[in-house]
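Chemist: Please read through the structure below; I'll follow up with questions.
Number of protein chains: 2
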Amino acid sequence: MTSDGDFSDNTTRALNQIRRMIEKGNLPSDGRLPTERELSEKLGCGRRQVRRALEVLEAEGLLWRRQGKGTFAGQPRRPATEMAATIADKVDTLAIMEARMGVEPQLAALCARRATAEDVDRLRLLAERAHGASDSDYWELWDGALHRLIARIPDNPILSAAFDLLDTVRMDENWQHDRHLARTLKTKVVYHEQHQRIIDAIDARDADAARAAMTDHLQTLTDDLRRSMRETGEVHSFATEARITDKTSKRRLKK
Amino acid sequence: MTSDGDFSDNTTRALNQIRRMIEKGNLPSDGRLPTERELSEKLGCGRRQVRRALEVLEAEGLLWRRQGKGTFAGQPRRPATEMAATIADKVDTLAIMEARMGVEPQLAALCARRATAEDVDRLRLLAERAHGASDSDYWELWDGALHRLIARIPDNPILSAAFDLLDTVRMDENWQHDRHLARTLKTKVVYHEQHQRIIDAIDARDADAARAAMTDHLQTLTDDLRRSMRETGEVHSFATEARITDKTSKRRLKK
DNA sequence: GTGCGTACCAAATGTAAAATGGTTCGTCTC
DNA sequence: GAGACGAACCATTTTACATTTGGTACGCAC
Numbered sequence: 007m008t009s010d011g012d013f014s015d016n017t018t019r020a021l022n023q024i025r026r027m028i029e030k031g032n033l034p035s036d037g038r039l040p041t042e043r044e045l046s047e048k049l050g051c052g053r054r055q056v057r058r059a060l061e062v063l064e065a066e067g068l069l070w071r072r073q074g075k076g077t078f079a080g081q082p083r084r085p086a087t088e089m090a091a092t093i094a095d096k097v098d099t100l101a102i103m104e105a106r107m108g109v110e111p112q113l114a115a116l117c118a119r120r121a122t123a124e125d126v127d128r129l130r131l132l133a134e135r136a137h138g139a140s141d142s143d144y145w146e147l148w149d150g151a152l153h154r155l156i157a158r159i160p161d162n163p164i165l166s167a168a169f170d171l172l173d174t175v176r177m178d179e180n181w182q183h184d185r186h187l188a189r190t191l192k193t194k195v196v197y198h199e200q201h202q203r204i205i206d207a208i209d210a211r212d213a214d215a216a217r218a219a220m221t222d223h224l225q226t227l228t229d230d231l232r233r234s235m236r237e238t239g240e241v242h243s244f245a246t247e248a249r250i251t252d253k254t255s256k257r258r259l260k261k
Numbered sequence: 007m008t009s010d011g012d013f014s015d016n017t018t019r020a021l022n023q024i025r026r027m028i029e030k031g032n033l034p035s036d037g038r039l040p041t042e043r044e045l046s047e048k049l050g051c052g053r054r055q056v057r058r059a060l061e062v063l064e065a066e067g068l069l070w071r072r073q074g075k076g077t078f079a080g081q082p083r084r085p086a087t088e089m090a091a092t093i094a095d096k097v098d099t100l101a102i103m104e105a106r107m108g109v110e111p112q113l114a115a116l117c118a119r120r121a122t123a124e125d126v127d128r129l130r131l132l133a134e135r136a137h138g139a140s141d142s143d144y145w146e147l148w149d150g151a152l153h154r155l156i157a158r159i160p161d162n163p164i165l166s167a168a169f170d171l172l173d174t175v176r177m178d179e180n181w182q183h184d185r186h187l188a189r190t191l192k193t194k195v196v197y198h199e200q201h202q203r204i205i206d207a208i209d210a211r212d213a214d215a216a217r218a219a220m221t222d223h224l225q226t227l228t229d230d231l232r233r234s235m236r237e238t239g240e241v242h243s244f245a246t247e248a249r250i251t252d253k254t255s256k257r258r259l260k261k
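As you go down the protein sequences, you meet chains A and B in turn. When the letters of the first sequence are read in order and numbered with our numbering, they come out as residues 7 to 261. When the letters of the second sequence are read in order and numbered with our numbering, they come out as residues 7 to 261.
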């Protein structure tokens, strides 16, 4: 913070400072940034300059703004609260991962067909931010932003809505989801490599490779989650048992 | 309003009057009934009697109530229906198939792990009924039932909800375009073989084979659908074009 | 023209009051 | 004692209003 583009105009200086603020991660867990008026006061420049800087960062995919709400790092959620509420009491973490394994690989495959060069740039930026996250909260913020952008790029309203439902349920279930992922932060390097493989496949317009890379990524996440749950002694859901059950389970009665 | 069950008690009289009110249809467009307190005053009886009458009518499915909201004639809308309505104007047939290619193969894979012998028997029955269907509308009925059962067997609430959304959108779209696949004798045989392959894989507890078989089935449906659309001169969506677009499209400018 | 401040608009939030269905209790009448 | 009626209270939802926040336009200074 010694020299913030000394010879630049105020807009560029504000841009660099806000970008540094995002990279550093001194933000609440929801990624909220100070208001434009606060930023203009803190950075000692006018609100117009702050807004120009925010426009750039929004175009890069690093943050999103909403009138009346605020400015947030990452990518926005589109909550499907009504539908999520109807199933909230029946979901567990592994059911969420099973659903993600269906929706997200297909989204990645469609990205490979429809992503623009700018989309790929945004994806790479988000992956970099996840890689450089200082703690698990920020990693989840940027990982979530990356997956959300992948869900938006194909412009398929149904798959997008399905992802929104997933995202909402995941948010409601976050108290344990988050906790377990935090335990496996050591594998962050692995996650970054997988992110890059996904984005590379999208960039190369290889739909099958993108689908496979996303499947691989989600499988790793699932395995880590399951391992963490086992270590902490949590009860295994039916999903876990079924996977390792042989044919005899086929004779189980209906509940 | 001459004689409302002369010798009945107040509860029965209130029941008849409210039922008549609903049948007559003198209600606002949203079907809202007067509040319980208003009804008790209008009908000249106590609120308890009104509530008992409403309980009966609610059990009959003629109305539904919600605390803090009100009492409404008809049945409450399902969340999936609402969500489907919000995206109905943005969907096309190919977007539906893209979404199905994500959700249903995963559901088939999960079926391979969790289906009981009874489930497999039901699946085979539905496949046979589809195969024996005399016309295409009838075939769609049984085919839909087969896919719905596959969606319900894994007992994954999120994927099930996603399929529910999909199915609702699909029915709306089919109804709007009055679309039915031109089904030759050959295609019907092909579909039946694919159904059997899916069910055989589920029966053999081979998740990967079930996923692949479902993907193959949906791909065939998509191809037939696209061919049918081409013959009837429907415009191709962006999805169609993108699939055959080479890398140069990647450089297209932002709008 | 750039920078800066002010004012205002539109959208979202937070809060409090009112409305509404859900529930319990007491009293009356037959 | 059973049924009817009223009153009171609770939980949920809606409504209205003030506040916050991003979005936009205008005026002034250098």
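Glycine included, each C-beta is placed from N, C-alpha and C at the ideal position.
Can you pull the chain A neighbours of B:G150, defined as C-beta to C-beta under 7 Å?
Modeler: None at all; the shortest Cβ gap to chain A is about 17 Å.
Chemist: Could you have a look at A:T226 and say whether DSSP puts it in helix, strand or coil?
Modeler: It is helical.
Chemist: Classify B:A157: buried if its beta carbon has 16 or more other beta carbons within 10 angstroms, exposed otherwise.
Modeler: Buried, because 16 or more other Cβ atoms sit within 10 Å of the Cβ of B:A157.
Chemist: Starting from the C-beta of B:A215, find all residues in its chain whose C-beta is less than 6 Å away, skip the five residues before and the five after it, and write them out in chain order.
Modeler: Excluding sequence neighbours, B:A215 sits near A207.
Chemist: For a cutoff of 8 Å on Cβ pairs, would you count A:A1 as touching chain B?
Modeler: The requested residue 1 of chain A is not part of the displayed model; chain A covers only 7 to 261.
Chemist: Thinking just about the alpha-carbon of each residue, which of A:V196, A:R211, A:D209 is nearest to the one in A:D229?
Modeler: Per the Cα distances, A:V196.
Chemist: Nearest-angstrom Cα distance between A:S46 and A:P85?
Modeler: Rounded to whole angstroms, A:S46 to A:P85 spans 31 Å at the Cα level.
Chemist: In its own chain, which residues sit with a C-beta less than 7 Å from the C-beta of A:L152, not counting the 5 before and 5 after it?
Modeler: Cβ neighbours of A:L152 beyond the five flanking positions: L129, L132, A133, A136, H201.
Chemist: Near B:R106, which residues of its chain fall below 7 Å by C-beta distance, leaving aside the five closest residues on each side in sequence?
Modeler: For B:R106, where only same-chain residues beyond five positions count, the Cβ hits under 7 Å are L172, L224.
Chemist: Mind checking which residues open and close the beta strand (DSSP E) that includes B:R211?
Modeler: It is not in any beta strand (DSSP E) - B:R211 carries neither H nor E in the DSSP assignment.
Chemist: Tell me whether B:L131 sits in a helix, a strand or coil according to DSSP, three-state version.
Modeler: Correct three-state label for B:L131: helix.
Chemist: Relative to the alpha-carbon of A:G67, which residue among A:K96, A:I28, A:D95 has its alpha-carbon at the smallest distance?
Modeler: Comparing Cα-Cα distances from A:G67 to each of A:K96, A:I28, A:D95, the minimum goes to A:I28.
Chemist: Determine the direct distance from the alpha carbon of B:A168 to that of A:A168, and round the result to whole angstroms.
Modeler: Rounded to whole angstroms, A:A168 to B:A168 spans 6 Å at the Cα level.
Chemist: Please report the residue range of the alpha helix (DSSP H) in which A:T18 lies.
Modeler: A:T18 -> alpha helix (DSSP H) spans 16 to 30.
Chemist: Would A:M103 and A:L227 be called neighbours here (beta carbons separated by less than 8 Å)?
Modeler: In this structure, A:L227 lies closer than 8 Å to A:M103 by Cβ.
Chemist: Quick one: Cα of B:L100 to Cα of B:P111, how far?
Modeler: B:L100 and B:P111: Cα-Cα distance of roughly 17 Å.
Chemist: Where do the ends of the beta strand (DSSP E) carrying A:R69 lie?
Modeler: The amino acid occupying residue 69 of chain A in the given sequence is Leu; Arg does not appear at that position. Looking at the DSSP string, the run of the beta strand (DSSP E) that includes A:L69 is 69 to 72.
Chemist: Any beta carbon from chain B within less than 8 Å of A:E104's own beta carbon?
Modeler: True, the Cβ-Cβ gap to chain B drops below 8 Å.
Chemist: Do A:A59 and A:I24 have their C-beta atoms closer together than 8 Å?
Modeler: Yes, the pair counts as a contact, with Cβ atoms nearer than the cut-off.
Chemist: Where does A:L39 sit, in a helix, a strand or coil, going by DSSP?
Modeler: A:L39: strand per DSSP, three-state reduction.
Chemist: Under the DSSP definition of a beta bridge, which residues are partnered with B:F78?
Modeler: Beta-bridge pairing links B:F78 to B:R38, B:W70.
Chemist: Out of B:L63, B:V97, B:P163, B:G76, which has the shortest C-alpha to C-alpha gap to A:D95?
Modeler: The residue with the shortest Cα to Cα distance from A:D95 is B:P163.
Chemist: Distance, Cα to Cα, A:T238 vs A:L231?
Modeler: Approximately 11 Å between the Cα atoms of the pair.
Chemist: What does the Cβ neighbour count give for B:S166, buried or exposed, with the cut at 16 atoms within 10 Å?
Modeler: It counts as buried.
Chemist: Do you know whose CA, among B:Q55, B:L39, B:K194, lies nearest B:W70's CA?
Modeler: Comparing Cα-Cα distances from B:W70 to each of B:Q55, B:L39, B:K194, the minimum goes to B:L39.
Chemist: So which residues of chain B does A:E167 contact, with C-beta pairs closer than 7 Å?
Modeler: Checking the sequence, you will find Ala at residue 167 of chain A rather than Glu. Here the neighbours are M89, I93, L171.
Chemist: Cβ closer than 8 Å: which chain B residues qualify as neighbours of A:V175?
Modeler: Within 8 Å Cβ-Cβ: I164.
Chemist: Once you ignore the five residues that flank A:L155 on each side, which residues in its own chain have a CB closer than 8 Å to its CB?
Modeler: Only G67, Q81, D125, R128, L129, L132 meet the Cβ criterion.
Chemist: Going by alpha carbons, who is nearest to A:S234 out of A:H198, A:A213, A:T193, A:R176?
Modeler: Residue A:T193 is the option with its Cα nearest to A:S234.
Chemist: For B:Q182, would you say it is in contact with chain A, using Cβ-to-Cβ distances shorter than 8 Å as the test?
Modeler: With 8 Å as the cut-off, B:Q182 does not count as an interface residue toward chain A.
Chemist: Within a Cβ cutoff of 7 Å, which residues of the same chain sit near A:I204, ignoring the five residues on either side of it in sequence?
Modeler: Correct list, in chain order: A114, A216, A219, M220, H223.
Chemist: Against A:L116, what residues of chain B qualify as contacts under a CB-to-CB distance less than 8 Å, listed in chain order?
Modeler: Correct list: E104.
Chemist: Please decide whether A:A86 counts as near chain B, where near means a Cβ-Cβ distance under 8 Å.
Modeler: Output row for A:A86: interface = yes.
Chemist: Using a 10 Å radius around the Cβ and a threshold of 16 neighbouring Cβ atoms, would you call B:A213 buried or exposed?
Modeler: So B:A213 ends up on the buried side.
Chemist: Could you check if A:D15 is buried or exposed, using at least 16 other CB atoms within 10 Å of its CB as the buried criterion?
Modeler: A:D15 comes out exposed.
Chemist: For chain A, find out if any of its Cβ atoms is closer than 8 Å to the Cβ of B:A136; answer yes or no.
Modeler: It does not: the Cβ of B:A136 has no partner Cβ on chain A nearer than 8 Å.
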